[in-house]
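Q:
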Amino acid sequence: PFQRKTQANKKKLGVTDASELEYRAGLDLLDDIREYDVLPLNRIAIDMNLRAGHWYRVDPDGMSGASTDVTDSEGQLEKKAEYRSVRLERVEEILERATPTVLAYDIECTKQPLRFPDADEGDMVMMISWMIDGHGFLGVNREVVSADIAAFSYTPKPEFPGDFVVFNEPDEKALLERFFEQYRANRPRVVVTYNGDNFDFPFIEKRAEANGLDMYNEIGFKQTSQMQNVEYRSRTAVHLDCL
1 PFQRKTQANK
11 KKLGVTDASE
21 LEYRAGLDLL
31 DDIREYDVLP
41 LNRIAIDMNL
51 RAGHWYRVDP
61 DGMSGASTDV
71 TDSEGQLEKK
81 AEYRSVRLER
91 VEEILERATP
101 TVLAYDIECT
111 KQPLRFPDAD
121 EGDMVMMISW
131 MIDGHGFLGV
141 NREVVSADIA
151 AFSYTPKPEF
161 PGDFVVFNEP
171 DEKALLERFF
181 EQYRANRPRV
191 VVTYNGDNFD
201 FPFIEKRAEA
211 NGLDMYNEIG
221 FKQTSQMQNV
231 EYRSRTAVHL
241 DCL
């Protein structure tokens, strides 16, 4: 029966060579098998052996083509949009690694007795502490804290010195504006938090909105969903949540 079925399939497909029939089988039509959870950008980097932390010489090869059949309707490229092919070459002689600016921050909030802080219920940001490449800063909401806090030093270990500059701000809005301004002034490339995806970032985002501010417009971070996990990401910085 199997032989008759095979012969019938060959006749139906107009195929006389058994190997050609096998080629038309489903799996034989696949050029490659790749992992579903590996993003195309990561797959390209792996295939081209592009590694983070190294220097590359970027060389546009010139115009490789031009699109003439696209329209200028919404969501499409402009008519006759041009594109380039780019060649990347690792610069072996440069051994010094790039040193990104790192900002680590934490927030303290008001809350109701025996309750967890809730930005939607009117709890406020009371303090924001942040460190930028070993330099410490503390922002204080004087609407909550009863007195100004003077500059201080906190050095838990000799290898971790901490001299803190203190910003005593009149209210929550001024505190958030100070933090956003300091963020933009230092332009960190890595932002470090502990449970920042689920607490610090969303709390600041909601309190900023309550004060007429937009966190995304201020520092470029917004909430995204990745593989069913809520994350805060930016195009200009990497968020490292240490939880």
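full-length UniProt numbering applies: residue 1 is where the sequence shown begins, and numbers increase by one.
The beta carbon of each residue, even a glycine, is placed where N, CA and C say it ideally should be.
Compare the Cα-Cα distances from residue 54 to each of 30, 48 and 90 and report the closest residue.
A: 90
Q: Helix, strand or coil: how does DSSP classify residue 60 here?
A: strand
Q: If we count the other Cβ atoms within 10 Å of its Cβ and call it buried at 16 or more, is residue 136 buried or exposed?
A: buried
Q: Using DSSP with H/G/I as helix, E/B as strand and the rest coil, what is residue 212?
A: coil
Q: Looking at C-beta atoms only, is the number of pairs between the stretch 104–123 and the stretch 150–168 that lie closer than 8 Å three or more?
A: no
Q: Quick check: what's the CA-CA separation for residue 105 versus residue 159?
A: 19 Å
Q: From residue 178 to residue 205, what distance separates their C-alpha atoms?
A: 15 Å
Q: Using the beta-carbon count (16 or more within 10 Å), is residue 203 buried or exposed?
A: buried
Q: Specify whether the stretch 168–175 and the stretch 184–197 touch according to this definition: at least 3 beta carbon pairs, one from each stretch, less than 8 Å apart.
A: no
Q: Which one or two residues does DSSP pair with residue 130 in a beta bridge?
A: Answer is 105 and 137, bridged to residue 130.
Q: Flag this pair as yes or no: are the beta carbons of residue 34 and residue 43 separated by less than 8 Å?
A: Contact annotation: residue 34 and residue 43 have beta-carbon atoms nearer than 8 Å.
Q: Taking residue 140 and residue 167 to be in contact with their CB atoms under 8 Å, please state how far apart those CB atoms are, rounded to whole angstroms.
A: 7 Å
Q: Go ahead and label residue 138 buried or exposed: buried means 16 or more other beta carbons lie within 10 angstroms of its beta carbon, across all protein chains shown.
A: buried
Q: Measure the C-alpha to C-alpha separation of residue 195 and residue 223 and round it to an integer number of angstroms.
A: 14 Å
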